[in-house]
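Data block below; observations after.
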Amino acid sequence: MKKICFAFCLLLVELGFSQDISGKIVDAKTSEPIPFVTIQYGKNEGVVSNTEGNFSFYAAQSQGDVELTTSAMGYLSQTVTLKKLREKNHIIRLSEALNQLSTVYVSNQRPNADSIMQRVRKNLPSNYISGNTKYKLFKRQSSFFKPSSVEIEIEKSTGFNKSQLQQSNQQLQKLSNDVTNRPPAQRYIDMLCNLYNQDSENQKIEIIKATKLLDINNKVSFENIQKKASTIILRHLDTTKTYKLKSGLFTLEEKMSLTETNQIKEEIEEDQKIIPADVRKKMAQTIQEFMFDSPEKMDFITEPKYYEYELDEISDFNGNLVYVVSFIPDRRKAKYEGKIYISNEDYAILKIEYSFAEGKSGEKLNLKFLLGIKYAEDIQSGTIIYTKNEKLNSYFPKYINQESGSYIYVHRPLKFIENNASEKNKVAFDFMIEGHVMEKNELLLLETTALDTSEFQVFSEAPTDEYQLLNAYDASIWTNINTLEPLKEMREFKVE
8 MKKICFAFCL LLVELGFSQD ISGKIVDAKT SEPIPFVTIQ YGKNEGVVSN TEGNFSFYAA
68 QSQGDVELTT SAMGYLSQTV TLKKLREKNH IIRLSEALNQ LSTVYVSNQR PNADSIMQRV
128 RKNLPSNYIS GNTKYKLFKR QSSFFKPSSV EIEIEKSTGF NKSQLQQSNQ QLQKLSNDVT
188 NRPPAQRYID MLCNLYNQDS ENQKIEIIKA TKLLDINNKV SFENIQKKAS TIILRHLDTT
248 KTYKLKSGLF TLEEKMSLTE TNQIKEEIEE DQKIIPADVR KKMAQTIQEF MFDSPEKMDF
308 ITEPKYYEYE LDEISDFNGN LVYVVSFIPD RRKAKYEGKI YISNEDYAIL KIEYSFAEGK
368 SGEKLNLKFL LGIKYAEDIQ SGTIIYTKNE KLNSYFPKYI NQESGSYIYV HRPLKFIENN
428 ASEKNKVAFD FMIEGHVMEK NELLLLETTA LDTSEFQVFS EAPTDEYQLL NAYDASIWTN
488 INTLEPLKEM REFKVE
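The sequence shown maps to residues 8 to 503 in the numbering used here.
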């Protein structure tokens with residue numbers, strides 16, 4: 008009996024020292040959720056609230072007197088104990104900081120936006136030092152494709168009789184209607200990894216854990232719809248024979264037959280596969296951009312001749328003055344508008360909000376009449392929050408949120424041609440799809456430490472890895488790990 012009591016006491020102690028903490032950040036006046044609030048736990052640990060104001064993290068020690076400190080641009084910093092957080096039903100209410108622009112400076116001393124930005128650029132090399140750094144990162148990627156129009160029709164066939172042709176076209180029309188009428192199919196990827204960054208040319212990645220949440224049978228992509236259309240047509244051809252799929256002069260598939268089981272198996276294997284080198288390249292590029300090692304993306308900071316700046320207000324961040332500078336395009340080459348939050352002490356950038364300005368867009372490709380392809384990037388926006396690492400004496404992006412959207416149009420004439428036959432049967436059909444692709448990428452830097460050269464050399468990057476495929480979001484997978492709190496749509500996503 009004593010042993011049982013002792014074990015129970017140990018369990019209570021353990022629960023008191025480690026726990027997953029969750030809460031919500033709202034505006035004290037309006038009760039509206041506040042996104043992108045940094046919730047600091049300990050000296051170097053912390054998370055960021057999502058767009059619904061929710062947050063959660065793992066606390067190694069969770070006694071009632073342990074403190075959390077919130078930091079949000081334009082709001083007064085607040086420190087609460089875990090005991091107080093529980094008493095307030097896990098809700099933290101933040102009060103707005105007063106706009107001090109009119110009271111801090113008299114008219115002849117008010118700083119000029121261009122001079123502030125000049126000092127920002129001058130201090131970039133000393134404020135942001137990225138070499139020989141090891142990042143522990145949590146990444147979340149969510150994406151979907153929503154077709155607005157799909158047209159698939161068999162135009163000519165030597166292998167179909169009239170009844171087969173009519174039946175196939177009816178099924179193809181049903182496929183088109185199903186695809187355009189259903190909600191867009193979401194895909195969510197979560198990943199925990201270590202990025203070893205020696206310099207801008209040399210990085211390695213260690214993938215610790217990765218999950219993918221999607222409905223394999225309900226994927227909506229150009230390739231997937233094309234495969235489904237091909238399967239419908241194959242059902243009405245001779246299933247003992249194989250066929251070549253061509254588009255114009257190009258062969259897309261050398262041998263196709265009605266083997267749906269193998270197709271699904273191949274798709275699952277493909278969805279599980281991770282190429283670490285590809286992940287590393289994209290992740291390193293993103294961090295380099297926002298550490299100002301790749302100036303092309305951040306031209307609203309590095310290329311002042313393209314933009315017009317204005318000092319909007321002087322705000323408060325953790326009791327320090329922050330300049331809020333807005334920017335808009337001043338020349339045709341400029342694309343972005345937004346706001347930059349700048350420390351009054353060292354002219355470091357603490358936060359960036361940007362998006363395409365009205366009438367601006369990204370990459371475009373219009374070969375609609377020549378090759379049946381059109382592409383236009385019409386959405387691009389981001390929010391980046393920086394924190395200073397005192398040990399490394401440098402600012403790093405604590406949280407990066409990037410969203411992009413593109414219109415796509417693809418029109419292809421396709422043809423099935425029977426293999427290994429003297430008189431080859433042919434089925435020609437027309438395939439057209441247009442719609443919108445949306446993607447959001449979030450990075451949360453959990454730890455930033457100095458990288459020893461020997462550690463970089465010793466570590467060997469794996470050539471391949473695998474996602475854990477999920478049918479529903481499972482928070483238990485990330486127990487004892489700080490992550491980004493998922494939005495409601497992700498928490499409720501389930502594969503039927």
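We put the beta carbon where it would ideally sit given N, CA and C, even for glycine.
DSSP on residue i, reduced to helix/strand/coil?
i	result
E454	strand
P420	strand
I380	strand
F13	Note that F13 has pLDDT 36, beneath the 50 cutoff, so the model's placement of it is unreliable and no number is given.
F436	strand
S109	Per-residue confidence for S109 stands at a pLDDT of 48, beneath the threshold of 50, marking its modelled position as unreliable; the derived number appears in the next sentence. Looking at S109 - three-state DSSP - the assignment turns out to be helix.
I28	strand
L399	coil
E39	coil
E425	strand
F307	helix
L241	helix
M80	coil
S461	helix
V44	coil
L6	As shown, the chain starts at 8 and ends at 503. That puts residue 6 outside it, with no answer to give.
E473	strand
V332	strand
Can you say whether residue i is buried or exposed, counting buried as having 16 or more other CB atoms within 10 angstroms of its CB?
i	result
I215	exposed
T268	Reliability of the predicted coordinates at T268 is poor, the pLDDT of 45 falling under 50, and no value is obtained from them.
L453	buried
P154	buried
K447	buried
A469	exposed
F62	buried
R126	exposed
A355	buried
T45	buried
I282	exposed
N168	exposed
V113	The predicted model places V113 with a pLDDT of 48, which falls under 50 and marks its position as unreliable; any figure quoted below should be read in that light. V113 is exposed by the Cβ-count criterion.
L377	exposed
Q387	buried
Q475	exposed
S170	exposed
D197	buried
E492	buried
D472	buried
A479	exposed
K405	buried
Span of the beta strand (DSSP E) holding residue i?
i	result
T198	The sequence shown places Met at residue 198, not Thr. Looking at the DSSP string, the run of the beta strand (DSSP E) that includes M198 is A192 to D206.
V55	E52 to V55
P118	Counting along the chain, P118 falls outside any beta strand (DSSP E), and DSSP gives it neither H nor E.
N373	K371 to L374
F64	N61 to A66
T218	N209 to L220
R100	I98 to L101
E344	Y343 to S350
S254	Y250 to S254
Measuring CB to CB, does residue i end up less than 8 Å from residue j?
i	j	result
S333	K342	no
K146	L450	yes
F299	Y195	no
A435	K163	yes
N489	V55	no
Y203	F463	yes
A120	D323	no
T394	E360	no
L421	F438	yes
N426	K248	yes
L220	L494	no
K4	K375	Within the shown structure, residues of the chain are numbered from 8 to 503, placing residue 4 beyond reach of any answer.
I98	V186	no
K211	R287	yes
T77	L101	yes
Would you mind reading off the limits of the alpha helix (DSSP H) that contains residue i?
i	result
E317	E317 -> not in any alpha helix (DSSP H); beta strand (DSSP E) instead, spanning Y314 to F324.
A284	P283 to F297
S183	K169 to N188
E158	Careful: E158 lies outside any alpha helix (DSSP H), inside the beta strand (DSSP E) at T140 to S164.
E360	No alpha helix (DSSP H) contains E360, which is instead part of the beta strand (DSSP E) from I356 to F363.
K90	L89 to E94
Check whether the Cβ of residue i lies closer than 8 Å to any Cβ atom in chain D.
i	result
E397	Checking the listed chains, one finds no chain D in this structure; it contains a single protein chain.
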